[in-house]
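A short worksheet on the structure shown next.
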Amino acid sequence: MSDLLDDPIPGQNTPEYTVSEISGEVKRTLEGSFGRIRVRGEVGRVFKARSGHLYYDIKDDRNVLACTTWKGQISGLSVVPEEGLEVVVTGRLTAFGAQSKYNLNVDEVSVAGQGALMALLEKRKKQLESEGLFAPERKKPLPYLPQIIGVVTSPSGAVIRDILHRLRDRFPRKVLIWPVAVQGANCAPEVARAIEGFNQLTPGGALPRPDLIIVARGGGSIEDLWGFNEEIVARAAAASDIPLISAVGHETDTTLIDFVSDQRAPTPTAAAELAVPVRMELLAWTEEQAARLSRAATDAVQRRTQRLRDLSRALPRPDSLLNTPRQRLDLIADRLTPALIRGVQNRRLQVVELSAHLRPSTLRSLISTRQESLRNLSSRLSLRPIQREIDQQRQNLDRFGDRMHTAQTTRLDRLKQQLEATDRLRETLSYKATLDRGYAVVRAEGNVITTKAQAAKQTALEIEFADGVLSTGPGAKSPSKKPRPDTPDQGSLF
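Letter by letter, the sequence shown follows residues 17 to 510 in this note's numbering.
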């Protein structure tokens with residue numbers, strides 16, 4: 017006790033201290049007696065100062081212990097204290113002389129038991145659910161075949177090897193790995209920064225933006241997986257514009273990121289299977305679709321071919337199309353000559369009958385009378401208007417003659433074109449077109465031979481090709497390129 021006052025009060029031997037001295041002695045006594053201790057209790061009031069330091073209380077049913085975690089110590093906490101959470105805090109007991117208080121400087125916080133963790137998890141889950149972060153309508157569909165896949169996981173674990181192996185087996189894709197801590201105090205902030213970092217990449221840039229994000233970790237206890245239950249991770253996953261698959265733990269493990277992600281996978285390997293389809297299955301499906309398309313096209317062509325054949329059977333033969341015009345032409349030609357003869361005879365007979373009633377004297381008097389009348393009329397009429405009228409009538413007659421000639425020529429041309437079109441149709445439907453494609457017609461004695469047995473019985477055959485007829489057997493003549501004599505000659509109607 018070297019800090020005693022030099023002049024004690026007379027009659028007393030009790031030492032006197034200054035306020036600072038007694039505060040220092042109390043602080044040294046507390047720190048020396050307790051050292052580093054662990055305290056269990058429920059978190060009470062929590063306050064974070066603007067300086068970044070964290071102040072909170074640990075209490076039980078009777079007493080309260082003030083706790084302090086400095087700004088530089090907060091990042092080392094595995095669990096951030098929340099009001100109502102039962103925790104075990106570890107630190108050094110010290111005193112704060114300025115307010116005559118003692119407190120615990122905490123540098124490590126852990127949840128007191130799994131039940132408390134589950135209670136905290138349920139509390140956070142209800143809070144995020146009330147904000148609509150679990151709503152199905154906000155979940156984005158996964159791309160069918162992403163070009164680039166971003167993976168948030170530890171680069172040294174078996175998880176990334178399983179994901180890469182499964183992607184290589186199913187459909188190789190480009191993978192960007194963002195290394196993070198998957199447990200401990202650094203897990204939550206690093207995972208949140210990785211998700212935000214992938215979203216901030218520029219599409220098509222030097223480091224392209226992924227089309228899909230996989231957040232993966234292997235199995236573990238609830239304490240090991242607790243980083244994925246932090247609110248910062250859940251909010252980062254919910255705010256991601258890139259579709260996200262969560263693959264944290266085994267199938268029975270559930271974390272908050274599973275509820276806000278767009279798709280949950282029971283294992284990291286299953287996440288890779290959800291990310292890409294099987295390449296061989298796609299190739300097989302493509303080949304199957306190509307075969308179905310080919311079969312459908314072939315069936316359609318065959319149906320239309322059969323339809324065309326059915327319709328062609330309903331068409332008349334080429335010869336029958338010309339029979340009626342031929343008959344009508346023959347009938348008109350046969351009637352034309354007798355009609356002309358009868359017309360001439362009738363007019364000759366009329367002339368004879370009229371001439372029988374006329375006598376020369378009568379005819380001369382009639383002519384004289386007509387001439388006199390004509391002279392009288394000519395004296396009264398000017399010939400110029402009559403000549404103009406005659407010229408006009410002659411012009412009208414010439415114009416009508418031209419129109420009649422044009423109309424007749426047009427009609428004859430149209431009939432000629434129709435006849436030529438009908439003849440082309442006949443040629444198209446004729447068996448001659450079949451001969452041009454490499455077929456031949458076999459005849460014997462003018463009859464068509466259609467079977468091998470019929471041909472074997474004949475001594476001489478005629479084989480008609482597109483370019484002529486070939487005769488075989490005794491007395492065969494040299495091949496002829498002329499058409500068969502029984503081929504009908506169309507001739508010309510004009």
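Every residue gets a Cβ at the ideal spot worked out from N, C-alpha and C, and that includes glycine.
Look at the alpha carbon of residue i and the alpha carbon of residue j, and state the distance between them as a whole number of angstroms.
i    : j    : result
F150 : L144 : 7 Å
Q387 : S381 : 10 Å
E124 : S262 : 29 Å
E212 : P259 : 12 Å
T106 : T270 : 28 Å
Q322 : R333 : 19 Å
A7   : S91  : Nothing in the structure corresponds to residue 7, since the chain is present only between 17 and 510.
P524 : I38  : For the chain, the structure presents residues 17 to 510; residue 524 sits outside this window and is missing.
E461 : D483 : 20 Å
P152 : A222 : 34 Å
S116 : L101 : 28 Å
A437 : S310 : 37 Å
R61  : E99  : 6 Å
K468 : Q433 : 44 Å
V55  : G113 : 22 Å
G88  : E41  : 27 Å
R459 : T475 : 11 Å
T314 : G265 : 53 Å
T488 : L451 : 19 Å
K142 : D274 : 14 Å
L393 : R364 : 33 Å
R78  : I53  : 20 Å
R154 : V80  : 44 Å
L180 : R140 : 33 Å
P501 : L356 : Its pLDDT being 44, under 50, P501 is placed unreliably by the model, and nothing is read from it.
T503 : T340 : The predicted model places T503 with a pLDDT of 46, which falls under 50 and marks its position as unreliable; any figure quoted below should be read in that light. If I take the Cα positions, the gap works out to 19 Å.
S36  : A135 : 44 Å
L431 : R329 : 26 Å
Report yes if the C-beta distance between residue i and residue j is below 7 Å; otherwise report no.
i    : j    : result
V231 : A250 : no
I164 : P219 : no
Y118 : A111 : yes
G57  : K75  : yes
V96  : S126 : no
G148 : I229 : no
R182 : A288 : yes
L272 : Q279 : no
V175 : G234 : yes
L120 : L46  : no
P282 : E267 : yes
I248 : A208 : yes
I465 : A471 : yes
Could you name the residues of the same chain whose beta carbon sits closer than 6 Å to that of residue i, not counting the 5 residues immediately before and after it, in chain order?
i    : result
R186 : V292, V294
R358 : none
A122 : A small fix is needed here, since residue 122 is Val in this sequence, not Ala. C83, T85, V105, G107.
S256 : I211, N215
E405 : none
R442 : P334
L137 : N245
P205 : none
For residue i, collect the residues of the same chain with a Cβ closer than 8 Å to its Cβ; drop the 5 residues on either side in sequence, then sort them by chain order.
i    : result
A286 : A263
L158 : L228, P259, I261, D278, Q279, L290, A291
F63  : L70, Y71, Y72
P162 : R189, P226, D227, L228, A291, V292
Skipping 5 residues on each side, what residues in its chain have a beta carbon closer than 7 Å to that of residue i?
i    : result
A456 : I479, E480, F481
S446 : P334
Indicate whether at least one CB of chain D lies closer than 7 Å to the CB of residue i.
i    : result
E405 : In the structure shown, chain D does not exist; there is a single protein chain.
Fill in: Sequence ranges, alpha helix (DSSP H) only - wholly within the region 147-204, length at least 4
The region 147-204 contains these whole alpha helix (DSSP H) runs: 174-186.
Fill in: Touch test, the region 408-417 against the region 292-308, Cβ-Cβ under 8 Å, three pairs minimum
Fewer than three beta-carbon pairs drawn from the region 408-417 and the region 292-308 are found closer than 8 Å, and the two stretches are therefore not classed as touching.
Worksheet entry | Runs of beta strand (DSSP E) wholly within the region 24-109 (minimum 3 residues, chain order) | Runs found: 52-64, 70-75, 80-85.
Worksheet item: Is it a yes or a no for the region 193-201 touching the region 171-185, going by three-plus beta-carbon pairs under 8 Å?
Response: Touching, yes.
Worksheet entry | the region 60-73 / the region 84-104 touching (three or more Cβ pairs under 8 Å) | The region 60-73 makes contact with the region 84-104; the number of CB pairs closer than 8 Å reaches 3 or more.
Worksheet item: Is the region 200-215 touching the region 239-247 in the sense that three or more CB pairs, one from each, lie closer than 8 Å?
Response: Contact between the region 239-247 and the region 200-215 is present, because at least three Cβ pairs lie under 8 Å.
Item to complete: Please list the segments of the alpha helix (DSSP H) lying wholly inside the region 426-477, counting only runs of 4 or more residues, in order along the chain.
Response: For secondary structure counted as the alpha helix (DSSP H) over 4 or more consecutive residues, the region 426-477 holds these complete runs in sequence order: 447-452, 468-472.
Discussion item. For a minimum of 4 consecutive residues, which ranges assigned as the alpha helix (DSSP H) are wholly contained in the region 215-254?
Written reply: 247-254, all fully within the region 215-254.
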